[in-house]
Amino acid sequence: MMGKPNALLWFIVPMFLLTGCWSRVEVNDIAIVTATGLDRMDNGDIKVSIQLAVPRLLGTSAEGGGGGGKLVNDAGWLVSEQGETIMDAYRRIQEKIPRKIFFSHNRAIIIGGKLAGKNVSEVLDFYERYRQSQMRSYILFTKGEAADILGFKPKLEKLTAEVIKEEVKSGIGVHIQLNEFVNMLAAEGQDPFAPQIEIASSRPGADSKEGLSDLVLKGTAVLHRNRIAGWLNNRETRGLLWLRGTMKIGVITVDVPLEKGGGKISAELVNADTKLIPILNGRIPRAQVNVKAEFDVYENTSRLKLQDSENISFLERLIEKDLEQRIGETCDKAQQLKSDITGLGQAIFQRRPKTWRRQYKENWNEIFPNVRFSVQSKVDIRRNGMINETMSMK
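Position one of the sequence shown corresponds to residue 1 (the UniProt record's numbering), numbered consecutively onward.
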């Protein structure tokens, strides 16, 4: 016969095993943030704009909104408030919304130009401390107001965050997560950078206000001393990707000289490897950039016969020259902005930390603009396509 102590165990143990999650929050009780915009107002306040996913409108169309915000597209509700800090503005937004704001699905943080001109690290303090913060959110900058970016209705996606996610999946341009950006802010000999997002026209040369426009990543924001120092254009951005060894996908188009028949050839990147080597031989170091890349030819409108090994070698030299020029342009731009986005200072620190701290660290702002970058590339053409001659040569 079972004793009383053993019998009690049959009742007590299940009480512990079957307890519910006291801190559980039902989906119907939360407002899911998909993207956040941060702007600085003229009075010094921080304007926080959050784009909320509206589940009941996903896959449907919406005509209006309420509750202190506006429906900016078929599935997003934009709510904004100002405060002395991000937390202050966030609490004011929470007062407008009956559901608990939930940041754990925040995919993007967009910082407006006026705020980026101040100390960016101060506004990011909130995201490092707040327990719901998603440090894998992507961080982006815009020259205008971040609220305008969140308020724009994308053409192909329902939410701004979806546009950014698809851009990241495409592998084109710079993509920086919040944790990476914070690490760059804290790193020795490294200035941070992040993608630039804007509303741009879908037609070349047209104004973005003409109606045929969409959200695009069109360059790179370059920071120095925790604030915006300038911007890279698309070509300089691709040069930055080559320089830092993060170029994964891309096409290079080169002009064939007239003496070789003229025309253009486009080749797609297959593999790439970049090495940045600091050379320490005095007060001003030098930098050697070595790039190796493999390409496949996908379009040839020139009269070069690519079945000829000499012509293949000639094409390889053309691409090498193009690579060296665009990487050199990026280095020049970084030095003009006095922002070491090249990673040279960090490379010196990692190889020779004592030398970095003793000889370079304190005066790196003055030393970096005078560094001489030497770029050398080695290109191999793997394939020249399914045909050897151009259509015009047949």
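Note that CB positions come from ideal geometry on N, CA and C, so glycine has one too.
None of these values were measured; they are calculated from a predicted model.
Cβ pair residue i, residue j closer than 8 Å
i, j, result
"LEU178", "ILE139", "yes"
"SER377", "GLU320", "yes"
"LEU217", "ILE199", "no"
"ILE312", "LEU318", "no"
"GLY239", "ILE327", "yes"
"GLY83", "GLN51", "no"
"GLY37", "ILE164", "no"
"ILE341", "SER302", "no"
"GLY345", "PHE368", "yes"
"ALA53", "LEU156", "no"
"PHE126", "ALA194", "no"
"VAL379", "PRO285", "no"
Residues of its chain near residue i, where Cβ-Cβ distance is below 7 Å and the 5 sequence neighbours each way are ignored
i, result
"SER339", "ASP191, VAL222, LEU223, HIS224, ALA229"
"THR237", "GLY173, VAL174, GLY219, THR220"
"GLY117", "ARG227, ILE228"
"LEU115", "LEU38, ASP39, ARG40, VAL123"
"GLN121", "According to the sequence provided, residue 121 is Ser. The question's Gln does not apply to it. Cβ within range, chain order: LEU185, ASN226."
"MET87", "PHE126"
"LYS275", "ASN290"
Cβ-based burial, residue i [other Cβ within 10 Å; buried from 16]
i, result
"LYS47", "buried"
"MET247", "buried"
"TYR360", "buried"
"ASP154", "Correcting the residue identity first, residue 154 is Pro in this sequence and not Asp. Looking at its Cβ environment, which holds 16 or more other Cβ atoms inside 10 Å, PRO154 is buried."
"VAL333", "A small fix is needed here, since residue 333 is Lys in this sequence, not Val. Classification for LYS333: buried."
"ASN384", "buried"
"TYR130", "exposed"
"ILE279", "exposed"
"GLN325", "exposed"
"SER309", "exposed"
"PRO98", "exposed"
"GLN336", "exposed"
"GLY144", "exposed"
Cβ shell of residue i (< 6 Å), same chain only, five flanking positions each side left out
i, result
"LEU241", "MET247"
"ALA161", "THR34, ALA35, ARG107, ALA108"
"ILE277", "GLN288"
"GLN132", "PHE103, SER104"
"ALA267", "ILE252, PHE295, VAL297"
"THR355", "none"
Integer-rounded CB distance, given that residue j should sit under 8 Å from residue i
i, j, result
"GLY262", "VAL256", "6 Å"
"GLU128", "VAL182", "7 Å"
"GLY112", "ALA146", "4 Å"
"ASN271", "GLU299", "The Cβ separation is near 20 Å, so there is no contact."
"ILE101", "ILE93", "7 Å"
"LYS269", "THR330", "Strictly speaking, residue 269 in this sequence is Leu, with Lys absent from that position. Between THR330 and LEU269 the Cβ distance is about 17 Å, and since that is not below 8 Å, they are no contact."
"ASP296", "ILE252", "Not quite, the Cβ-Cβ distance comes to about 11 Å (not below 8 Å), so this is no contact."
"ILE381", "LEU304", "Not really, about 11 Å apart at Cβ, beyond 8 Å."
Cβ shell of residue i (< 8 Å), same chain only, five flanking positions each side left out
i, result
"VAL168", "TYR138, HIS175"
"ALA89", "ASP45, ILE46, LYS47, VAL48, GLU81, GLN82, GLY83"
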